[in-house]
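In this text, residue positions in the sequence shown follow our numbering: the first is 4, and each later residue adds one.
We put the CB at the ideal spot given by N, CA and C, even for glycine.
Computed from a predicted structure; not experimentally measured.
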Amino acid sequence: MRGVNKVMLIGNLGKDPDIQQLEGNIGVAKFPLATTETYKDRTGKLVSQTEWHTVVLWRGLADLAEKYLHKGSLIYIEGRLRTRSWEDKDGNKKFATEVVADNLIMLDKRADGTAGPGSGEPDYESLPF
């Protein structure tokens, strides 16, 4: 049986994307994304809990991030978890778990009240089935 590695997040960028161009002119964007859950505790007090996720975008999505995303942007992403490992300068093994996004939808509204590029509802009428 095949496994499933699927992540869906809606959150706000913690800082502007860090953009790099790798060999072959391949773009990579990396940024922290905050997701916040709000719930009531036993006493009825409203509690907010924020989780931080490191998001990585490649190629065309990295280009979109460079052009349109900034600190505070509200986005929806779909992707998968990836854990990298390396050794630091002292020889200690380090790990980092990141969300590698395959899909990005910008949820912020523009000044004119419309959704930003790459966002909104898909055009289901143009599907071939």
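| Whole-angstrom distance between residue 88 and residue 39, CA atom to CA atom | Taking the first residue of the sequence shown as position 1, residue 39 is located at position 36. Taking the first residue of the sequence shown as position 1, residue 88 is located at position 85. Taking the straight line from one Cα to the other gives about 27 Å.
| said: Just list the residues that DSSP pairs residue 26 with in beta bridges. | reply: Position 23 of the sequence shown holds residue 26. Bridge partners of residue 26: none, in fact.
| query | So, are the CB atoms of residue 58 and residue 102 less than 7 Å apart? | reply | Locating residue 58 in the sequence shown gives position 55, counting from the first residue. Locating residue 102 in the sequence shown gives position 99, counting from the first residue. Yes, these two residues count as a Cβ contact at 7 Å.
| What span of residues does the alpha helix (DSSP H) with residue 70 cover, start to end? | As a position in the sequence shown, residue 70 is number 67, starting the count at 1. Counting along the chain, residue 70 sits inside the alpha helix (DSSP H) bounded by residues 62 to 71.
| query | Taking DSSP as the reference, what is the three-state secondary structure of residue 83? | reply | Locating residue 83 in the sequence shown gives position 80, where the first residue counts as 1. Reduced to three states, the DSSP call for residue 83 is strand.
| said: Considering only DSSP beta bridges, list what residue 106 is partnered with. | reply: Locating residue 106 in the sequence shown gives position 103, counting from the first residue. Within the DSSP secondary-structure output, residue 106 pairs in a beta bridge with 81.
| said: So, at 6 Å on beta carbons, what are the nonlocal neighbours of residue 82 in its own chain, with the 5 sequence-adjacent residues on each side left out? | reply: Start at 1 with the first residue of the sequence shown, and residue 82 comes out as number 79. Once the five neighbours on either side are set aside, the close Cβ partners of residue 82 are 10, 102, 103, 104, 105.
| query | For residue 46, does the three-state DSSP call read helix, strand or coil? | reply | Within the sequence shown, the letter at position 43 stands for residue 46. DSSP places residue 46 in coil when its eight states are reduced to three.
| task | Pull up the distance between the alpha-carbon of residue 70 and that of residue 109, whole angstroms please. | result | Stepping through the sequence shown from its first residue, residue 70 is reached at position 67. Stepping through the sequence shown from its first residue, residue 109 is reached at position 106. In this structure, the straight-line span from the alpha carbon of residue 70 to that of residue 109 is close to 12 Å.
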